[in-house]
Every structure is written in C-alpha cells, then in structure tokens.
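Reading through the structure tokens given below for one structure.
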Amino acid sequence: MRPNREYKIEEIDLGDLLLNVLDRKNRGERISQICAAYVDGKYELSYSFIQDGLHRFTTLRVICDLDTEVPSITEIYPMAVFYENEMKELYGVNVKYISLDYNNKLYRIEKETPFLPKEKK
Amino acid sequence: MGKKSIVPFGPQHPVLPEPIHLDLVLEDEIVTNVIPSIGFIHRGLESLTEKKDYFEMVYVAERTCGICSFGHGMGYCEAVEEVMDVEIPDRAKYLRTIWMELSRLHSHLLWLGLLADGFGFESLFYQSWRIRERILDLIELTTGGRVIFSVNKVGGVLKDITPDMLKHILTELDQVEADVRVIEHTFLFDYSVQSRLKGVGVLSRKQVHMLGAVGPFARASGINIDMRSLGYEAYGDLDFEPIVSSDGDSYARCEVRIHEIYQSIDIIRQAISKIPEGELSVSVKGNVKGEHFVRIEQPRGEAIYYVKGTGKLYLDRLRIRTPTFANLPALVEMLKGCNYADVPILILTIDPCISCTER
Amino acid sequence: MAKVKRSPWVLHYDGSSCNGCDIEVLACLTPVYDAERFGIINTGDPLQADIFLITGGINSQNQPVVKQLYEQMSNPKVVVAVGTCACTGGIFKECYNIKGGVDTTIPVDIYVPGCAARPQSIIDGLVQAINLFEKRCDDYAYQLNAEGQ
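This is the structure:
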C-alpha cells in the first residue's frame, strides 16, 4: 500500500496565487506547509494544503525570479506568518506585506540567505 | 484597565530544558499579547545536503531532534525511497512500526513527567520517568542506543529484533501498562492536578483548524487527524482508531496523550503478532531524481519531509516541517487571555520541541 | 566553604543540541540513575549554581546567553560540556550557523563525549566535576585567606 502516491502538485502563476489560496480557504482546507527551493536561478515556492477528513494533500507550486515580489498570504491564513518569515530569511524571497514581519530576524542568523549559492547574492 | 508591562520568558527557564524566548505583554496578571522569538538552536541542518550525500543525510535527519529521532530518520528514508521507487521488505516495515511506537511511548511518558514537573508534582515526574526507563531499556536492547539509535537506512533497517527480544518486549509492555494505569489515576482524577489543567487554555475546534495545529494538540480539540491512518509502513495492516477528545483544554491534551500510550502498546502487540519473516533491507543504487512529500505522525503530530533531487548524489533540497513549527501560531493564540501563572503549563501542553522547530 | 563543596548545584543550559543530551541529563536526575545522591540539585538560577552543564554547540544567537550565564555564576565554578556537539560541534560543525564547541566561548573544564552522551558517562563527568570543584573551593579559600592577611 503506497498512500503517498496520491499527492498532487499543481503549477500556477504567481498572479493566481492569492485567488487560489482564498479558494482553498473557502473549501475548508488548511495550510500544511510552505517552503522555498532554489532551482536553476529561480525560486520554487510550494504551498501545501490538506483537507483533514479526506487526507487530500495538494501543493501549489509557484516559480518566480529572484527579485519578484511575492504577496503574503497571512491575510488569508494568519498562521502562515512563520513559514513566510522563514522563506524570507533563509532564501531571501521578497515576500511583501507579512502581517508580523520579523525583518529577517526570525532566526537571527549572521549569514545572509544561507541557502542561496554564493554568486547569486 | 491595568498597567501594561512586558515580561520576558526564557531563553533559560526552569520549566523547559530548551531555550525559547517569548515576550509576554501583561495587563495586571493577564497576558494580552505574545511575541515569540526563536532561533537559539537554529543550526541550519537542511543546508547540510550540500556536504553530505543522501545516505549520510539519514544520520543528520535523525539529529533534528533527540526525542523523535527515529521518526525523523524514518520520514526522510521514506521520502527518498518514494522518489527512487524502492519497496522495502515487509519485515523492515513492521520493525520500523515497532520502533516508531516505542519512540512514541517514551516521548509521551517524558511529556507526562515534564507536565508533572511543570505543575510542581515532583514525585509524579519521577514516577513517569521511572516507567520511561523501561521503554529505553527495550530500545537499548533492540538497537544499542538509548535516545538516538540510528537503525534506519535508505532501503530498510540495519538491525533485526530476534524472537526472544520480541517476547521480552511483550512481557515488559505488560508491566509498563500496569504502571501507567497507576499514574493515570493521579493525572486524571487527582483534584489538585485537575485544578491546574481543567478549563485552562481552551481552544475550540474551529480555532485549532484555522491555526493549523497538528497532533495530540489538535486531537484534544476534536480534530480527527492522525497521519497513521494513511497506512504508511505497517500501519495499514494494523487496527487502531485515532484518539479524539472534544474539550480542548489542557486536561483533554493530557487525557489524549495518556490514552495514546495504551494505543501504542496495543499497536506494538498487534505488530509483534503479525510480523513476517524476511529480509531487513534491499540494496539501493543510483541517485535521487524527482521530488516527493511524505507525511508521518510523530509523537507531537504531523511531520512533513520534502525531498528534491536532480540526479546527483547530493540532494537539492531537504525540507523538514516539524509538528511544533505548525503548533506555534496556536500556542500564541492560546496564551492570549490566560493567567500569567499558567504560561509554563500552557507552553508544555503543546509538547514543545524547540530543536525540531528551529532545525 | 566546607558545606558548599559537598553539594554543588547544577545549572543546565541547552545550547543548540538536538535534545538527545538534554533528556539524558534529565534522566540522570531521575530515580534510575539518581545523580542527586552526590548532592547535586538541578537549579534554574545561575546565581546559585556551581557547575555549568551545557549541551550543544554555540551559534551567534546563544553565544551572549551562554556568556552571560557563565558570568552570573559565582566563583569558583566548573563547566562541563556534554555531548559531541558541545565538545567540538559534532555532526553540525559544517552547518552555517554553528561556530563550534562550547570552548569557543567560555573555558571548558570537562568534556563528556557521546551522541547522545549516555547517563553513565554524564554521571562520570559530574563526579569529576565535583572533585575539581572541591579542589577549586580549597584554592579559592586559600586565595581569600592570603588576600585577607
């Protein structure tokens, strides 16, 4: 039995992000995790949602450039605040309008954006 | 309207062995706002993927946290196996299940002890930890380690549990169950304990859902989420029901965890009665190409492992989303409006694991 | 001084460890291993502590905390680094946020290796710390007397 096979990843444009997230909130799904990855000079942002009863796990995948402004979804899901601060601090994703913005002081690390390769800073 | 004052909590605080810092905004004795700041234990172990290959990363993943160390190793291995399309032998699945449940037992007993210490019941703390030592002895017997026991590898497990050991585990578990029944009575029916736990830090089902809490913390508020019901490893063959309570207060959280101890004992018994013979691991060759999310149920709740590789020996991205990270927003919400004296207890009731949270 | 040196109190701080050593330190104080038979009490107050027991490596954020706790402890004092991370940085040594072992920040007297350090070795380290502490107490008393004359 391989239950993990059912996991879906949907690629969407950055512009559709907020609408999609709002749509998922109206369906009663909750944020499972948000993370960033750096692939070939671009960010890959993953927003995962789960629907509790059905155990359905979907991930919205947004691919954007290093300096693109990413709107915060904390107005829709307040608990996303730590995930977004983490993305901003570790990867330098330009997340705008976070409800509680730690200004890169969540982990208070000395090295800036440690997850980016050196030449990209 | 009283005078506002800000009281710092932590990072070094008697109630928690781990450092977390909270700025509590108080109005008289009531907490009105909480600003958490984390990062005292941030190591950045996800970035070690650049320096260690995906076989070595198992040991790094296990050291995300010392309490749920086995689960982290297992989740990471599952994610890599899933990407590489490796099916591990059935015996390895059962062995992983048994060790996972032993970890859950030791974690929950540890938490019960810390909770007892939190409300000042020292002898109950000692009793819980005395029972926990029996579980640790079982872990040491089967793996050789006490808290970090590195028996996972990509493709299976490293050690076997012999039939003699399985028999010994069963007799020890009978004793553990009898011992827990004794302290359960004090935790659930002692009036001084009840006065510290009942009606304290209530979170409704809707609040918990919106704040995205996971694990026993969410189940105590009536949300039926238990990743074990997804049926990974051997859980699909075993019979159990998630334990859910509807009160949503500290007492319910304690109750849920105590019942989960009995549930874990039951799962181990079932697994031992059904464990098949066979190989312990399959050999894994090649590199990781692709990506996958894996969700498993840790003692503290749902943990997510994300692995991404582009056909190299070194992974491109490993992301571990730990249960306490998901529980933090709910903790902040729960602390608002509570009494200052209840803050340590309330922090304990989410079963915080700061090492997990900050990685 | 004679009474102090028989029952040194322990201050435990979790640097950036994975928790494994911390729960083993706590396990040392519980009935099975019972380090309290040596007169040790785990205290949360640095001003009353004599032995500083620290687990995990040092990062930029906990460095001032460790330094401050060390300075708040009264003389004489003994520092015990528990676990491989506290000794050298361990498996996390290559992480971007780890500076290394505890000795990068404060002087360490006793190193207890192990990942996670076993209760037996932690107790061994504590017993050595108690002996060292007694010796330091004597030296300190002698020094005070010499200054008094």
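Residue numbers (our numbering), protein chains in the order written: chain A, 1 to 121; chain B, 1001 to 1359; chain C, 2001 to 2149.
Beta carbons: idealized from backbone N, C-alpha and C, even for Gly.
None of the values given here were measured: they were computed from a predicted structure.
Residues that residue i bridges to, as DSSP identifies them
| i | result |
| --- | --- |
| A37 (chain A) | A:E44 |
| A1213 (chain B) | In the DSSP output, where bridge partners are listed per residue, A1213 (chain B) has none listed. |
| Y2013 (chain C) | C:I2054 |
| I1035 (chain B) | B:D1023 |
| E10 (chain A) | A:L60 |
| T2043 (chain C) | C:L2011 |
| P1008 (chain B) | B:D1023 |
| S1281 (chain B) | B:G1156 |
| I1354 (chain B) | According to DSSP, I1354 (chain B) bridges with nothing at all. |
| R30 (chain A) | A:I50 |
| P71 (chain A) | A:K96 |
| I1030 (chain B) | B:E1027 and B:N1339 |
| L1016 (chain B) | B:H1013 |
Spatial distance of residue i from residue j (CA atoms)
| i | j | result |
| --- | --- | --- |
| I2040 (chain C) | A2129 (chain C) | 11 Å |
| N4 (chain A) | G28 (chain A) | Here the model assigns N4 (chain A) a pLDDT of 48, short of 50, so the residue's position is not dependable and the matter cannot be decided. |
| K125 (chain A) | A1092 (chain B) | The question about residue 125 (chain A) has no answer here: the residues shown for chain A are numbered 1 through 121. |
| D2103 (chain C) | A2086 (chain C) | 8 Å |
| N2042 (chain C) | D2034 (chain C) | 12 Å |
| I1035 (chain B) | N2059 (chain C) | 22 Å |
| C2137 (chain C) | I2051 (chain C) | 12 Å |
| Q1298 (chain B) | C1068 (chain B) | 7 Å |
| E1358 (chain B) | W1111 (chain B) | 20 Å |
| R1257 (chain B) | V1208 (chain B) | 17 Å |
| I1261 (chain B) | I1320 (chain B) | 25 Å |
| R108 (chain A) | G1144 (chain B) | 37 Å |
| D1247 (chain B) | G1199 (chain B) | 8 Å |
| V1193 (chain B) | K1206 (chain B) | 27 Å |
| V1182 (chain B) | H1259 (chain B) | 13 Å |
| D2022 (chain C) | R1219 (chain B) | 28 Å |
| R1317 (chain B) | E44 (chain A) | 11 Å |
| L981 (chain B) | K2093 (chain C) | No statement about residue 981 (chain B) is possible, as the shown extent of chain B runs from 1001 to 1359 and does not include it. |
| D1090 (chain B) | K1159 (chain B) | 14 Å |
| K1312 (chain B) | T2084 (chain C) | 30 Å |
| I1161 (chain B) | I1169 (chain B) | 10 Å |
| M1 (chain A) | F1325 (chain B) | Here the model assigns M1 (chain A) a pLDDT of 41, short of 50, so the residue's position is not dependable and the matter cannot be decided. |
| G41 (chain A) | F115 (chain A) | 12 Å |
| P1323 (chain B) | E1133 (chain B) | 25 Å |
| V1279 (chain B) | E2071 (chain C) | Residue identity differs from the one stated: residue 1279 (chain B) is Glu in this sequence, not Val. Answer to the nearest angstrom: the Cα atoms are 56 Å apart. |
| N2145 (chain C) | D2045 (chain C) | 28 Å |
| H1108 (chain B) | L1328 (chain B) | 19 Å |
| V1282 (chain B) | L1138 (chain B) | 26 Å |
| I2123 (chain C) | F2038 (chain C) | 10 Å |
| I1268 (chain B) | L1102 (chain B) | 8 Å |
| Y1305 (chain B) | G1075 (chain B) | 6 Å |
| F1121 (chain B) | L2069 (chain C) | 27 Å |
| I1354 (chain B) | R1063 (chain B) | 13 Å |
| L66 (chain A) | I2098 (chain C) | 27 Å |
Nearest-angstrom beta carbon gap, residue j and residue i [assumed within contact, 8 Å]
| i | j | result |
| --- | --- | --- |
| I1038 (chain B) | L106 (chain A) | 7 Å |
| L1095 (chain B) | V1157 (chain B) | 5 Å |
| V2025 (chain C) | V2082 (chain C) | 6 Å |
| R61 (chain A) | E11 (chain A) | 5 Å |
| I1131 (chain B) | D1179 (chain B) | 5 Å |
| L1211 (chain B) | E1333 (chain B) | 6 Å |
| V2112 (chain C) | V2080 (chain C) | 6 Å |
| A80 (chain A) | I9 (chain A) | About 19 Å separates the two Cβ atoms, so there is no contact after all. |
| F1217 (chain B) | I1347 (chain B) | At roughly 12 Å, the Cβ-Cβ gap does not stay under 8 Å, so F1217 (chain B) and I1347 (chain B) are not in contact. |
| V2066 (chain C) | G2015 (chain C) | 7 Å |
| E1255 (chain B) | L1188 (chain B) | 6 Å |
| V1154 (chain B) | Y1054 (chain B) | 7 Å |
Contact test: residue i Cβ vs the ligand MN heavy atom, cutoff 7 Å
| i | result |
| --- | --- |
| R1146 (chain B) | Among the components of this structure there are no ligands whatsoever, and the ligand MN is therefore not found. |
(request) Would you mind listing the beta strand (DSSP E) stretches within the segment 2052-2114 of chain C that are 3+ residues and don't spill past its ends, in chain order? (result) 2078-2082 and 2110-2112
(message) Extract the residue ranges of the alpha helix (DSSP H) inside the segment 1286-1338 of chain B, only unbroken runs of 4 or more that lie entirely within it.
(response) 1323-1335
(request) Could you tell me whether the segment 20-40 of chain A touches the segment 70-77 of chain A, using the rule of 3 or more Cβ pairs below 8 Å? (result) Flag = yes, the segment 20-40 of chain A and the segment 70-77 of chain A touch.
(message) For the structure I just gave you, are there three or more beta carbon pairs, one from the segment 1054-1065 of chain B and one from the segment 1146-1161 of chain B, closer than 8 Å?
(response) In this structure the segment 1054-1065 of chain B lies against the segment 1146-1161 of chain B, because at least three pairs of beta carbons, one per stretch, are closer than 8 Å.
(message) Three or more C-beta pairs under 8 Å: does that hold for the segment 1338-1349 of chain B against the segment 84-94 of chain A?
(response) no
(message) Does the structure place the segment 1068-1082 of chain B close enough to the segment 1287-1298 of chain B that three or more beta carbon pairs sit under 8 Å?
(response) yes
(request) Take every Cβ of the segment 1267-1285 of chain B, pair it with every Cβ of the segment 1019-1036 of chain B, and state whether three or more of those distances are shorter than 8 Å. (result) The segment 1267-1285 of chain B vs the segment 1019-1036 of chain B: no contact.
(message) What ranges does the alpha helix (DSSP H) occupy inside the segment 1050-1136 of chain B, keeping only unbroken runs of at least 4 residues that lie completely in it?
(response) 1057-1062, 1069-1084 and 1090-1118
(request) Let me know the alpha helix (DSSP H) ranges lying completely inside the segment 1200-1249 of chain B, each 4 residues or longer, listed in chain order. (result) For the segment 1200-1249 of chain B, whole alpha helix (DSSP H) runs of length 4 or above, ordered along the chain, are 1205-1211 and 1215-1219.
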